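Asks:
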Amino acid sequence: MKQFNQSGVFIANLDPESDMNMGEIDKNDTRQVYDFLNENMKYALYTDGFIVSIPNEYDMEVSFAYLNEEYYSTSKQFELSQGRKLEFDYTLDKDEDIEIPVLIGKGLSKTYPIGSIIKVEDPAIQKQVNYRVSGILKPNVKHSNLYSLNSKQYYNFSVVIPVNKEFINSSNVGLQLQGLFDVIVVQASESSINELKDIISTNLGLKFNFYTQDENFEYYNDFYIGSLKLIGVLTALICIVLTCVAVWSSLASIRLMIKDFTINLFVGLGYNKLRMICYGYYGILSFINVIVLFIITACSRYGTWHRKDAQFSTYGIFGVIGMDWLALLAVVIFDAVIVGIIVEIMMWKIKKVPISLGVLQ
Amino acid sequence: MKKSLFRAIDRIELFSCYMLCFGFNLAFDYAKTIPVDSFLLQSFLKQLYDYQMIFMFLLTFIILIFHYQMLSRKKVELHCRILVGDTIHSAVFKYIIECLLILVIPFLLFAILSIGLDIRFINNVFLVCVFLFYIMISAMMVIRFENI
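The listed protein sequences correspond, in order, to chains A and B.
Read in the working numbering, the first sequence has 374 at position 356, and its numbers run on one by one without any break.
Read in the working numbering, the second sequence has 217 at position 99, and its numbers run on one by one without any break.
Next up, the structure:
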């Protein structure tokens, strides 16, 4: 997203209060808008979510993502593990054997190695097209919504298709309209943006807003960061209360077992050894806790493979990815701190009871 | 209360445990009534109150822990009381009455708070039933001490 955070870059956004009737918009209307864009502006176009059934090893529904050269060169998200970059200088001016180079996700790479052809009727141009695999994306390449930065969609089962002006002109209203909803206009001035807004409003009857990525970040911060802070506070509060309950129950168990502790201390058990036993016991409990969390995370990630949810299927051990490992690491650190607090309080409590009194109890 | 098995610290502990359980339960019910605009916050809260029953059931175990550890410590005291003329029935009766008194106070406090905040407190009534069950179990534990 950082690449689009420059002056002169404006990102389209359909006004939530704008009424939309897809049925009333035809190809002539969208063409007028694209003619204006092509003649007067530089724009980055990206749209995805066109689901197509093509045979693959995992029987996943494959999502087609369309992007133009401006988007591809500005956004650095499509990192390749094999093959060559996308090329945009192809032509559709053929009756048959239209060949377009595409990038595919790792999940499709076994079925479609580099150089292979995916023969399919493209949902956007509704023509039989031969998509030639020119590159394979790295595992777990993802895309976040421009306004909802915490959202993630993975490209492991996607086909990334380069679109040029000819492709856009040949495509149906669906792609053209979807493309406009998130179109990014670069090197533009306020006046040209206002002109574009008017063109869209006149031809499509839709009210579009154009925000800079800075404004989108601001919106994100206003709308999401507040909620995230509140979630953090609530989580911390629950954590503190449950830690207090854990400390209380440990102290309760000491009250019950103080006689056994002190007898053992009396006959030679050192405080250090006792401390180690306590750390070992709570360490095992924490370990079980982390394992359970890992199983829950893995079930959630692996569930997307089981449900054939292509946009959320990820590669890793049972689908567990980097951010999950980071979260598990945070849990391990928190557990270590909580275990430290509980054991040290327990040891303080045990040391406070004189051995003679403890034995008598 | 005279001849009670409870010390002041035990009463405070049990009272605090009840307060914690009722407090958490009310907080869950309150969270359901707050109008939340943010989808993120809403989904976080939903995760919590979708599993409210499980959370609350696990949290009520602190009451079980309390009764168990307190009665285990009072075993000898109870024996001594019986030796000097007390009966097991009166000890159990006094124990149940005192447990109920300690239970009723936080329940009433949170019932008043629920009415004040206009939150339904039916879940707290369910909790009271669970706690009554725990009290009965612990009372049976006291009866068993007579034979040990």
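Idealized CB from N, CA, C, for every residue including glycine.
Please read all numbers here as calculations on a predicted model, not as lab measurements.
Could you tell me the distance, in whole angstroms, from the CA atom of residue 287/A to the CA atom of residue 294/A?
Replies: The residue given as residue 287/A occupies position 269 in the first sequence. The residue given as residue 294/A occupies position 276 in the first sequence. Rounded to whole angstroms, residue 287/A to residue 294/A spans 11 Å at the Cα level.
Asks: Considering only residues of the same chain and omitting the five flanking positions on each side of residue 55/A, which have a CB-CB separation below 6 Å?
Replies: For the purposes of this step, residue 55/A is identified with residue 37 of the first sequence, where counting begins at 1. If we look at residue 55/A and ignore the five residues flanking it on each side, its Cβ neighbours are 61.
Asks: Are the beta-carbon atoms belonging to residue 148/A and residue 115/A less than 8 Å from one another?
Replies: For the purposes of this step, residue 148/A is taken as residue 130 along the first sequence, with counting starting at 1. For the purposes of this step, residue 115/A is taken as residue 97 along the first sequence, with counting starting at 1. Yes. Within cutoff.
Asks: Is any beta-carbon of chain B found at less than 8 Å from that of residue 169/A?
Replies: By 1-based counting over the first sequence, the position of residue 169/A is 151. No - not a single Cβ of chain B is within 8 Å of the one on residue 169/A.
Asks: Within the chosen definition, does the region 66 to 79 of chain A reach the region 182 to 191 of chain A through at least 3 CB pairs nearer than 8 Å?
Replies: No contact exists between the region 66 to 79 of chain A and the region 182 to 191 of chain A.
Asks: Does the Cβ of residue 319/A have 16 or more other Cβ atoms within 10 Å, making it buried, or fewer, making it exposed?
Replies: Within the first sequence, residue 319/A is the residue found at index 301, counting from 1. Buried: at least 16 other Cβ atoms inside 10 Å.
Asks: Would you tell me roughly how many angstroms separate the C-alpha atoms of residue 181/A and residue 250/A, rounded to the nearest one?
Replies: Here the question's residue 181/A lines up with position 163 in the first sequence. Here the question's residue 250/A lines up with position 232 in the first sequence. Distance between the alpha carbons of residue 181/A and residue 250/A is about 42 Å.
Asks: Which partner residues does residue 150/A have in the DSSP bridge list?
Replies: As a position in the first sequence, residue 150/A is number 132, starting the count at 1. Its beta-bridge partners are 119/A, 135/A.
Asks: With a threshold of 7 Å on Cβ separation, who are the neighbours of residue 95/A within its own chain once the five nearest residues in sequence on each side are excluded?
Replies: Here residue 95/A refers to the residue found at position 77 of the first sequence. So the list reads 159, 161, once near-sequence residues are dropped.
Asks: Within the region 143 to 229 of chain A, note down every full beta strand (DSSP E) run reaching 3 residues or more, in order along the chain.
Replies: Complete beta strand (DSSP E) runs here, min 3: 146 to 155, 176 to 181, 202 to 204, 226 to 229.
Asks: Check the Cβ of residue 241/A against every Cβ in chain B and list those closer than 8 Å, keeping chain order.
Replies: The count along the first sequence starts at 1 and reaches residue 241/A at position 223. Going along chain B in sequence order, the residues near residue 241/A (Cβ under 8 Å) are 156.
Asks: Give a yes or no on contact between the region 232 to 246 of chain A and the region 42 to 49 of chain A, applying the rule of three or more CB pairs nearer than 8 Å.
Replies: Flag = no, the region 232 to 246 of chain A and the region 42 to 49 of chain A do not touch.
Asks: Nearest to residue 256/A by alpha carbon, out of 225/B, 138/B, 134/B?
Replies: For this step, residue 256/A is matched to residue 238 along the first sequence. Comparing Cα-Cα distances from residue 256/A to each of 225/B, 138/B, 134/B, the minimum goes to 138/B.
Asks: Which class does residue 338/A belong to by DSSP, given the choice of helix, strand or coil?
Replies: For the purposes of this step, residue 338/A is identified with residue 320 of the first sequence, where counting begins at 1. Residue 338/A: strand per DSSP, three-state reduction.
Asks: For the region 270 to 289 of chain A and the region 355 to 369 of chain A, state whether three or more C-beta atom pairs, one from each stretch, are separated by less than 8 Å.
Replies: Flag = yes, the region 270 to 289 of chain A and the region 355 to 369 of chain A touch.
Asks: Below 9 Å between beta carbons is the criterion; list the residues of the region 182 to 196 of chain B that meet it against any residue of chain A, in chain order.
Replies: If the cut-off is 9 Å between Cβ atoms, the region 182 to 196 of chain B has 183, 184, 186, 187, 188, 190, 191 near chain A.
Asks: With C-beta atoms as the reference, is residue 227/A less than 8 Å away from residue 31/A?
Replies: Walking along the first sequence from the start, residue 227/A turns up at place 209. Walking along the first sequence from the start, residue 31/A turns up at place 13. Cβ distance < 8 Å, so residue 227/A and residue 31/A count as in contact.
Asks: Give the residues from the region 250 to 262 of chain A that approach chain B closer than 8 Å (Cβ to any Cβ), ordered along the chain.
Replies: Here the close residues are 252, 259.
Asks: Can you check DSSP and say which residues form a bridge with residue 84/A?
Replies: For the purposes of this step, residue 84/A is taken as residue 66 along the first sequence, with counting starting at 1. Per DSSP, 65/A, 179/A.
Asks: Tell me which residues of the region 258 to 292 of chain A have at least one Cβ-Cβ distance to chain B shorter than 8 Å, keeping chain order.
Replies: Correct list: 259, 263, 266, 267, 270, 271, 273, 274.
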